[in-house]
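Engineer: Letter by letter, the sequence shown follows residues 159 to 698 in our numbering.
Where a beta carbon is used, it is the ideal one built from N, C-alpha and C, also for glycine.
Since the model is a prediction, treat every value here as computed from it, not as a measurement.
Just dropping this structure here.
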Amino acid sequence: MERKKMCKQILVLATLTLLVMADAVPFMMYGQESTTPTSYKTIIERAREEGITRDLTLDECIRMALENNLEIELVRYQPFLSQETLNAALGAYDFVMDSSIGYQRFESPNTNVVNAAFIGNEIVRDGYSFDVSFSKALSTGGSLTLSMSDNRTTSSFNTTDPVYASQIQANFVQPLWKNFRIDSTRRSIIQARRDLQISEIQFQDQVSETVRTVEDVYWGLVNAIEQQNIQLQSRELALVQLRDNQKRVEIGTLAPIEITRTKSEVAQAEQGVIAAESSIIQSMNRLKNLILKDSADTLWQQVLIPVDRPVITEQIPTEQEALEVASQRRPEIKNLQINLEKNDTDIEYYENQSKPQLDLEASYTTQGTAGPNFTDGVGPGGEIIPNPFQGGWGTVYEQVFKQNYPGVTVALNFRYYFGNNTAKANLASAKIQKDINITTMQQTLQGIRVEVVSAIYTLRTSQQNLESAIIARQFREEQLDGETKRFQAGLATNFEVLQAQRDLAQSRAAELSARIELKQAIVALQRYMFTNLDKYNIEF
Numbered sequence: 159m160e161r162k163k164m165c166k167q168i169l170v171l172a173t174l175t176l177l178v179m180a181d182a183v184p185f186m187m188y189g190q191e192s193t194t195p196t197s198y199k200t201i202i203e204r205a206r207e208e209g210i211t212r213d214l215t216l217d218e219c220i221r222m223a224l225e226n227n228l229e230i231e232l233v234r235y236q237p238f239l240s241q242e243t244l245n246a247a248l249g250a251y252d253f254v255m256d257s258s259i260g261y262q263r264f265e266s267p268n269t270n271v272v273n274a275a276f277i278g279n280e281i282v283r284d285g286y287s288f289d290v291s292f293s294k295a296l297s298t299g300g301s302l303t304l305s306m307s308d309n310r311t312t313s314s315f316n317t318t319d320p321v322y323a324s325q326i327q328a329n330f331v332q333p334l335w336k337n338f339r340i341d342s343t344r345r346s347i348i349q350a351r352r353d354l355q356i357s358e359i360q361f362q363d364q365v366s367e368t369v370r371t372v373e374d375v376y377w378g379l380v381n382a383i384e385q386q387n388i389q390l391q392s393r394e395l396a397l398v399q400l401r402d403n404q405k406r407v408e409i410g411t412l413a414p415i416e417i418t419r420t421k422s423e424v425a426q427a428e429q430g431v432i433a434a435e436s437s438i439i440q441s442m443n444r445l446k447n448l449i450l451k452d453s454a455d456t457l458w459q460q461v462l463i464p465v466d467r468p469v470i471t472e473q474i475p476t477e478q479e480a481l482e483v484a485s486q487r488r489p490e491i492k493n494l495q496i497n498l499e500k501n502d503t504d505i506e507y508y509e510n511q512s513k514p515q516l517d518l519e520a521s522y523t524t525q526g527t528a529g530p531n532f533t534d535g536v537g538p539g540g541e542i543i544p545n546p547f548q549g550g551w552g553t554v555y556e557q558v559f560k561q562n563y564p565g566v567t568v569a570l571n572f573r574y575y576f577g578n579n580t581a582k583a584n585l586a587s588a589k590i591q592k593d594i595n596i597t598t599m600q601q602t603l604q605g606i607r608v609e610v611v612s613a614i615y616t617l618r619t620s621q622q623n624l625e626s627a628i629i630a631r632q633f634r635e636e637q638l639d640g641e642t643k644r645f646q647a648g649l650a651t652n653f654e655v656l657q658a659q660r661d662l663a664q665s666r667a668a669e670l671s672a673r674i675e676l677k678q679a680i681v682a683l684q685r686y687m688f689t690n691l692d693k694y695n696i697e698f
């Protein structure tokens, strides 16, 4: 029995010896590579040594994003395009000048045998003409045209050649029924102005979304950096524990198997540090993409370090307050309100187009005629009567501007459209489109309510999570303090102290995450209320 018992003891000792030897080699290898706390440098530490860091506040990131963000840059062009569309519509009221200069010559047979002996068998007429007119569409839907025509003619049939003639005419047309209150030009201008408003609102919406994204990414970068710092603390604690256990193994107060357990803790801490660095790089690249415009910018080669901390200073509105503000300020609501105004304009226009057309037309003409070969007349007593048409262009213009020979025309022109199906169909379509937009407005308001209420709920949950995380962290601090005192009194093991330190690090990480989540929940609510631009004093 004793021999059998001795054999078992020898077998146990041999097994333990093999385990210790198997554990010693990796332990020595690990000790050569990773037991030194300074053997790992974070991306920020490496960047500081190379001098390629850039400290950034959140305000600086917002400013850079507003100046450089490519999505904002694209949307920024839309108001300019809408303004040019409006300018094009207003161009309908520009003055228009038309002019022409011409020469005419006609030859025709002379069938009058009486005068054929004097002027021949053909009549030749030729002349020069100059015409110019100025026209303008009026904002009342009418039009005004002022024209002037000069002619110089000769004819082998006339004895007074050449003859000069000039005429000035003013013509005015005003719709009195169809196209009176609104016409296609005024409709285009009104709609272009509203499209300009919509494009400006869309630009503001893109700015708000960009600001919200920058805030999210900025706080995400803060969280990633702080999480890595916490992982580094866990790594440092694991390395301290590894060294302490090594000493204990050397003096025989700790089983060598504990080394393997401690090395596993160090490896897990290393993995946490590396994973945290990957998150830092991803968040940093997202932030650079938001605040930089040029892919060749030198800032791409630098490491960004956010300097702001997630301090909660915002006043949290009630659900009712948030809903009221959102329903008044959300861009979607403003755009739909403008679209409803556009629908009303279309309805007014097509209702007007379905009416008969009644236009008032008025014109005034003054003219003059003269020629150098007009002869004077002889009176009953043989006296000479001067011919008033004898002269040149001066005589012509004197007659014109003195209005010696005026002419006035006034008319009412009426047109009736039988059926007028085009206007009626367009009117029906405009009314249907308005009903669609009203329904869309109701749907949008309901969606906004869901977003705001969900954001309020998320925010309150985040507040509760932060409060719980703060309490948990305080308990972990007390627990670590108690375990440290017990260890100093010899009542606790080093592993228990290490466990308490790890728990405290995790609690601090959870508190930081809860604080970041609360900050991001506030940012989301402000975005849904469309108030996130106010705190940065962004005005348009």
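Which value, in whole angstroms, describes the spacing of the CA atoms of Ala413 and Val407?
Structural biologist: Taking the first residue of the sequence shown as 1, we reach residue 413 at position 255. Taking the first residue of the sequence shown as 1, we reach residue 407 at position 249. Those two C-alpha atoms are separated by around 6 Å.
Engineer: Thinking just about the alpha-carbon of each residue, which of Glu423, Val398, Asn381 is nearest to the one in Ile439?
Structural biologist: Residue mapping note: residue 439 aligns to position 281 of the sequence shown, counting from 1. Nearest option by C-alpha distance: Asn381.
Engineer: With three or more beta-carbon pairs closer than 8 Å as the criterion, would you say the stretch 619-635 touches the stretch 347-366?
Structural biologist: no
Engineer: If you follow the alpha helix (DSSP H) that Asp363 is part of, which residue opens it and which one closes it?
Structural biologist: Here residue 363 is taken as the residue at index 205 of the sequence shown, counted from 1. Per DSSP, Asp363 belongs to the alpha helix (DSSP H) from 342-409.
Engineer: Residues in its own chain within less than 6 Å of Val566 by CB, not counting five upstream and five downstream?
Structural biologist: For the purposes of this step, residue 566 is identified with residue 408 of the sequence shown, where counting begins at 1. Correct list, in chain order: Tyr522.
Engineer: Could you tell me how far apart the beta carbons of Asn211 and Ile463 are, in whole angstroms, since I believe they sit closer than 8 Å?
Structural biologist: By 1-based counting over the sequence shown, the position of residue 211 is 53. By 1-based counting over the sequence shown, the position of residue 463 is 305. One detail in the question is off: residue 211 reads as Thr in this sequence, not Asn. Yes, Thr211 and Ile463 are in contact; Cβ-Cβ is about 5 Å, under 8 Å.
Engineer: Residues in its own chain within less than 7 Å of Thr194 by CB, not counting five upstream and five downstream?
Structural biologist: Within the sequence shown, residue 194 is the residue found at index 36, counting from 1. Because the pLDDT at Thr194 is just 42, under 50, the model does not fix this residue reliably, and the value given afterwards should be weighed accordingly. Same-chain partners within the cutoff: there are none.
Engineer: Starting from Leu683, follow its DSSP beta bridges and name the residues at the other end.
Structural biologist: Counting from 1 along the sequence shown, the entry for residue 683 is found at position 525. According to DSSP, Leu683 bridges with nothing at all.
Engineer: Spatial neighbours of Met187 within its chain, please: C-beta separation below 6 Å, excluding the five flanking residues on both sides.
Structural biologist: The residue given as residue 187 occupies position 29 in the sequence shown. Low confidence applies here, because Met187 scores a pLDDT of 30, under 50, leaving its location unreliable; read the following figure in that light. Closer than 6 Å at Cβ, skipping near neighbours: no residue.
Engineer: Ile449: which of Tyr261, Glu373, Arg673 sits nearest, CA to CA?
Structural biologist: For the purposes of this step, residue 449 is identified with residue 291 of the sequence shown, where counting begins at 1. Checking every option, the nearest Cα to that of Ile449 belongs to Glu373.
Engineer: Quick one: Cα of Gly249 to Cα of Val331, how far?
Structural biologist: Here residue 249 is taken as the residue at index 91 of the sequence shown, counted from 1. Here residue 331 is taken as the residue at index 173 of the sequence shown, counted from 1. Going from the Cα of Gly249 to the Cα of Val331 covers about 19 Å.
Engineer: Hey, could you find the ends of the beta strand (DSSP E) Leu304 is sitting in?
Structural biologist: The sequence position of residue 304 within the sequence shown is 146, counting from 1. Unbroken beta strand (DSSP E) run through Leu304: 301-313.
Engineer: Short of 8 Å in beta carbon distance, which residues of its chain neighbour Val689, apart from the five on each side in sequence? Order them along the chain.
Structural biologist: Taking the first residue of the sequence shown as position 1, residue 689 is located at position 531. What sits at residue 689 in the sequence shown is Thr, not Val. Around Thr689: Val483, Arg487.
Engineer: According to DSSP, what are the bridge partners of Ile326?
Structural biologist: Locating residue 326 in the sequence shown gives position 168, counting from the first residue. DSSP lists Met306, Thr524 as partners of Ile326.
Engineer: Taking Ser291 as the reference, give the member of Arg283, Gly300, Ser305, Ser301 with the closest Cα.
Structural biologist: Position 133 of the sequence shown holds residue 291. Residue Ser305 is the option with its Cα nearest to Ser291.
Engineer: With respect to the beta strand (DSSP E) encompassing Arg212, which residues constitute its N-terminal and C-terminal limits?
Structural biologist: For this step, residue 212 is matched to residue 54 along the sequence shown. Unbroken beta strand (DSSP E) run through Arg212: 211-214.
Engineer: On the DSSP bridge assignment, give the partners of Trp335 in chain order.
Structural biologist: Walking along the sequence shown from the start, residue 335 turns up at place 177. In the DSSP output, where bridge partners are listed per residue, Trp335 has Asn337.
Engineer: Along the alpha helix (DSSP H) that carries Asn493, what are the first and last residues, could you check?
Structural biologist: Here residue 493 corresponds to residue number 335 of the sequence shown, with the count starting at 1. It spans 489-511 - the alpha helix (DSSP H) in which Asn493 sits, taken as one unbroken run.
Engineer: Give me the residue from Pro468, Gly549, Arg444, Gln561 with the minimum Cα distance to Leu457.
Structural biologist: Here the question's residue 457 lines up with position 299 in the sequence shown. With distances taken between Cα atoms, Leu457 lies closest to Arg444.
Engineer: How long is the line joining the alpha carbons of Ile628 and Glu669, rounded to whole angstroms?
Structural biologist: Walking along the sequence shown from the start, residue 628 turns up at place 470. Walking along the sequence shown from the start, residue 669 turns up at place 511. Taking the straight line from one Cα to the other gives about 6 Å.
Engineer: Would you list the one or two residues that DSSP bridges to Pro464?
Structural biologist: Indexing the sequence shown from 1 puts residue 464 at position 306. According to DSSP, Pro464 bridges with Leu214.
Engineer: Can you name the residues that DSSP bridges to Phe572?
Structural biologist: Translated into positions along the sequence shown, residue 572 becomes position 414. Leu516.
Engineer: Quick check: what's the CA-CA separation for Glu229 versus Gln511?
Structural biologist: Taking the sequence shown and counting its residues from 1, one reaches residue 229 at position 71. Taking the sequence shown and counting its residues from 1, one reaches residue 511 at position 353. If I take the Cα positions, the gap works out to 42 Å.
Engineer: Among Val681, Asn584, Phe288, Val469, which has the Cα closest to the Cα of Gly260?
Structural biologist: Here residue 260 refers to the residue found at position 102 when the sequence shown is read from its first residue. Checked all of Val681, Asn584, Phe288, Val469; the closest Cα to Gly260 is Phe288.
Engineer: Restricting to Cα atoms, I'd like to know which of Gln360, Ile474, Ser671, Ser366 is closest to Arg221.
Structural biologist: Here residue 221 is taken as the residue at index 63 of the sequence shown, counted from 1. Checked all of Gln360, Ile474, Ser671, Ser366; the closest Cα to Arg221 is Ser366.
Engineer: Roughly how many angstroms lie between the CA atoms of Ser301 and Asn245, to the nearest whole one?
Structural biologist: For this step, residue 301 is matched to residue 143 along the sequence shown. For this step, residue 245 is matched to residue 87 along the sequence shown. Cα-Cα distance, rounded: 20 Å.
Engineer: Around the C-beta of Trp119, are 16 or more other C-beta atoms found within 10 angstroms, so that it is buried, or is it exposed?
Structural biologist: The first residue shown for the chain is 159 and the last is 698, placing residue 119 beyond what the model contains.
Engineer: Under a Cβ-count criterion, where at least 16 other Cβ atoms within 10 Å of its own Cβ denotes burial, should Leu570 be classed as buried or exposed?
Structural biologist: Taking the first residue of the sequence shown as 1, we reach residue 570 at position 412. Exposed: under 16 other Cβ atoms inside 10 Å.
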